[in-house]
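**Student:** As numbered in this note's numbering, residues 912 to 1041 make up the sequence shown, in order.
Ideal Cβ positions, reconstructed from N, Cα and C, are used throughout, including at glycine.
Computed from a predicted model, the values in this text were never measured in an experiment.
Take a look at the following structure, please.
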Amino acid sequence: MQTSRNVDVECSEPQPGCDVVTVPTRQGLEAVDILRRRGAGDAVGPVLHDDGGGTLGFVVPAGTAAAWDVPGSTCTGTDGRGLRLPPEPPVEGADWLVPPGEADLATDPAVLRRALGEAARVIEAADNCR
């Protein structure tokens, strides 16, 4: 998964502009579970798993990067150019955990922020039980 502030990804179908929030895999997987358990009101958008880097990337609406401040994560902006989501993973060594077309266009950043916070608390509690 790219970690630069600018992202260019080609695809067959244009999508609305979007940014990508990148988190560690463990926290991201927990957040996906939390979002899916909440149902239709808190649906999850496309999520990319970077096998080599140990991260998950959540597609969020364009402009999210400007105000994203969640510790332990980064938000990559597209500089208003939009991100195009191909059905195949856009980066070699990555796979779609939640593919485009099987998800909402993007995850609501406020909902993702809450899910990531809850995921961090669940992970901390699990780690403290050892």
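Alpha carbon to alpha carbon, what distance is there between ARG947 and VAL1033?
**Tutor:** Distance between the alpha carbons of VAL1033 and ARG947: 16 angstroms.
**Student:** Rounding to the nearest angstrom, what Cα-Cα distance links VAL943 and ASP1006 in this structure?
**Tutor:** VAL943 and ASP1006: Cα-Cα distance of roughly 15 angstroms.
**Student:** What is the rounded straight-line gap between the Cα of ALA978 and the Cα of ALA1021?
**Tutor:** Approximately 11 angstroms between the Cα atoms of the pair.
**Student:** Report the three-state DSSP secondary structure of LEU996 (helix, strand or coil).
**Tutor:** Coil at LEU996, not helix or strand.
**Student:** Looking at THR936: is its Cβ nearer than 7 angstroms to the Cβ of VAL971?
**Tutor:** Not a contact, by the Cβ cut-off of 7 angstroms.
**Student:** Of the residues VAL931, GLU1003, THR989 and CYS1040, which one's Cα is nearest the Cα of VAL958?
**Tutor:** Of VAL931, GLU1003, THR989 and CYS1040, the residue nearest in Cα terms is VAL931.
**Student:** Going along the chain, which residues of its own chain have a beta-carbon closer than 6 angstroms to the beta-carbon of GLY968, five neighbours each way excluded?
**Tutor:** Around GLY968: MET912, VAL931, THR933 and LEU959.
**Student:** Alpha carbon to alpha carbon, how far is CYS929 from GLY988?
**Tutor:** Each residue's alpha carbon lies about 8 angstroms from the other.
**Student:** Helix, strand or coil for ASP1015, going by three-state DSSP, please let me know.
**Tutor:** Three-state result, ASP1015: coil.
**Student:** Which whole-angstrom value describes the C-beta separation of ASP1015 and ALA954, a residue pair presumed to lie in contact below a C-beta threshold of 8 angstroms?
**Tutor:** The pair is a contact, with the Cβ atoms about 5 angstroms apart (cut-off 8 angstroms).
**Student:** Would you tell me roughly how many angstroms separate the C-alpha atoms of GLU1035 and LEU940, rounded to the nearest one?
**Tutor:** Using only the alpha carbons, I get a separation of about 14 angstroms.
**Student:** Mapping DSSP to helix, strand and coil, what is VAL943?
**Tutor:** VAL943: helix per DSSP, three-state reduction.
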